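Colleague: Okay, so the sequence shown: first residue is 1 according to the numbering used here, each after it adds one. No residue lacks a Cβ here, since even glycine has one placed at the ideal position from N, Cα and C. What you are looking at is a predicted structure, and each value in this text was computed from that prediction instead of being measured.
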Amino acid sequence: TKYINCGATCIAPDYIMCTSSVHDTLVSNLQKCVETFYTADAQTSENYARVLNGDHLKRLEGYLSDAKSKGANVIGGKIDQDDRYMEPTIVTGVTAEMLLMKEEIFGPILPIMKVDGFEEAVGHVKKGEKPLASYCFTSSSAKTSTFLNNISSGASCINDCAVHVLSPDIPFGGVGNAGMGHYHGREGFLCFSNEKAVYTNDTLTDGLRWIRYPPFSTFKEGVLGKVMGKSW
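1. Select from Gly107, Lys143, Pro171 and Ser145 the residue whose C-alpha is nearest the C-alpha of Leu132.
2. Mapping DSSP to helix, strand and coil, what is Ala42?
3. Count the other CB atoms, across all protein chains shown, that sit within 10 Å of the CB of Gly94; report buried if there are 16 or more and exposed otherwise.
4. In angstroms with no decimal places, state the Cα-to-Cα distance between Leu104 and Asp14.
5. Lys130 and Ser152: beta carbons closer than 8 Å?
6. Do Gly107 and Leu166 have their C-beta atoms closer together than 8 Å?
7. Helix, strand or coil, according to DSSP, for Thr36 in the structure here?
8. With respect to the alpha helix (DSSP H) encompassing Cys191, which residues constitute its N-terminal and C-terminal limits?
9. Alpha carbon to alpha carbon, how far is Glu35 from His184?
10. Whether or not the region 75 to 91 and the region 40 to 60 are in contact is what I'm after, with contact meaning three or more pairs of Cβ atoms, one per stretch, closer than 8 Å; do they touch?
11. Give the DSSP-derived three-state secondary structure of Lys114 in the structure shown.
12. From which residue to which residue does the beta strand (DSSP E) around Asn73 run?
13. Pick helix, strand or coil for Ala133, following the three-state DSSP scheme.
14. Identify which residue in Gly174, Asp80 and Ile4 has its Cα closest to the Cα of Lys58.
15. Which first and last residues belong to the alpha helix (DSSP H) in which Ala162 is found?
16. Going by the DSSP bridge assignment, what does His182 pair with across the sheet?
17. Pick out whichever of Pro111, Lys102 and Met98 has its Cα sitting closest to the Cα of Gly77.
18. Would DSSP call Ile4 helix, strand or coil?
Pasting the structure below:
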């Protein structure tokens with residue numbers, strides 16, 4: 001999912017957080033997947049896209065330079081300016097102070113940050129802006145509940161990434177800086193429609209209107225209280 005359209009999708013995972021116990025296995029398997037998807041040389045693959053323009057490529061290159069200067073390890077990172085190509089890249093040894101952990105990457109760079117546990121990962125996400133989508137991989141129903149109840153995002157997937165956008169039956173949209181409102185299916189109709197309220201008075205009951213107007217007596221207040229309830 002991260003490298004679809006060369007990372008330029010709004011619901012691509014910006015980074016991964018994991019514990020040390022699974023870190024090395026995760027990185028190794030990610031490398032194998034990249035080679036399976038795009039061959040050993042992604043630049044020759046018909047399935048691998050290019051960065052939008054030269055300015056975006058320079059921005060992405062800047063993220064890698066910043067990460068390296070702060071101690072990160074870059075796996076991949078090959079760049080061809082003329083081809084607007086950046087190799088599918090994994091960055092390890094990542095810290096929260098690095099630029100690629102502070103900004104939306106929108107490119108083929110996948111940072112992996114080690115955390116001590118699930119609670120630290122949830123805490124990190126909560127410190128930042130609310131994401132358009134959040135993803136949690138776990139076999140624990142308790143952790144799933146904690147994740148969904150504590151992370152505010154436009155959408156969430158459990159044990160998968162981005163597939164929620166394919167369903168026409170569930171709303172797609174953001175919250176906070178990720179954008180407001182939803183569309184898809186019924187939600188799209190409601191979002192882009194105006195629910196116009198219309199009230200038509202029954203002229204036959206005009207004689208009862210006097211009870212709405214002052215001066216208000218105890219009798220009027222009692223009747224209005226029964227009709228309007230707490231709003232009165």
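Modeller: Put simply:
1. Locating residue 132 in the sequence shown gives position 132, counting from the first residue. For Leu132, the nearest C-alpha among the options comes from Pro171.
2. Counting from one through the sequence shown, the residue named residue 42 turns up at place 42. Ala42 falls in the helix class under three-state DSSP.
3. Numbered from its first residue, the sequence shown carries residue 94 at position 94. At residue 94 the sequence reads Val, which differs from the Gly that was named. That one is buried.
4. As a working note, residue 104 is residue 104 in the sequence shown. As a working note, residue 14 is residue 14 in the sequence shown. It should be noted that the sequence gives Glu, not Leu, for residue 104. If I take the Cα positions, the gap works out to 7 Å.
5. Your numbering for residue 130 matches position 130 in the sequence shown. Your numbering for residue 152 matches position 152 in the sequence shown. Result yes, Cβ atoms of Lys130 and Ser152 sit closer than 8 Å.
6. Within the sequence shown, the letter at position 107 stands for residue 107. Within the sequence shown, the letter at position 166 stands for residue 166. No, the pair does not count as a contact, with Cβ atoms beyond the cut-off.
7. Numbered from 1 along the sequence shown, position 36 holds the residue referred to as residue 36. Note: Thr36 maps to helix in three-state DSSP.
8. Stepping through the sequence shown from its first residue, residue 191 is reached at position 191. Segment Gly185 to Cys191, the alpha helix (DSSP H) holding Cys191.
9. As a first step, residue 35 is located in the sequence shown; it is residue number 35 there, counting from the start. As a first step, residue 184 is located in the sequence shown; it is residue number 184 there, counting from the start. So the two alpha carbons sit approximately 34 Å from each other.
10. yes
11. Counted from its first residue, the sequence shown places residue 114 at position 114. Residue state, collapsed to three classes: strand.
12. On the sequence shown, residue 73 is found 73 positions in, with the first residue counted as 1. Here the beta strand (DSSP E) through Asn73 covers Asn73 to Ile75.
13. If you number the sequence shown from 1, residue 133 lands on position 133. It is a strand residue.
14. Against the sequence shown, residue 58 aligns to sequence position 58. The shortest Cα separation from Lys58 among Gly174, Asp80 and Ile4 belongs to Asp80.
15. As a first step, residue 162 must be located in the sequence shown, where it is residue number 162. It is not in any alpha helix (DSSP H) - Ala162 carries neither H nor E in the DSSP assignment.
16. Counting from 1 along the sequence shown, the entry for residue 182 is found at position 182. For His182, which the question treats as bridged, DSSP gives the partners Gly173.
17. One-based indexing of the sequence shown puts residue 77 at position 77. Gly77 has its Cα closest to that of Pro111, out of Pro111, Lys102 and Met98.
18. Position 4 of the sequence shown, counted from the first residue, corresponds to residue 4. Residue state, collapsed to three classes: helix.
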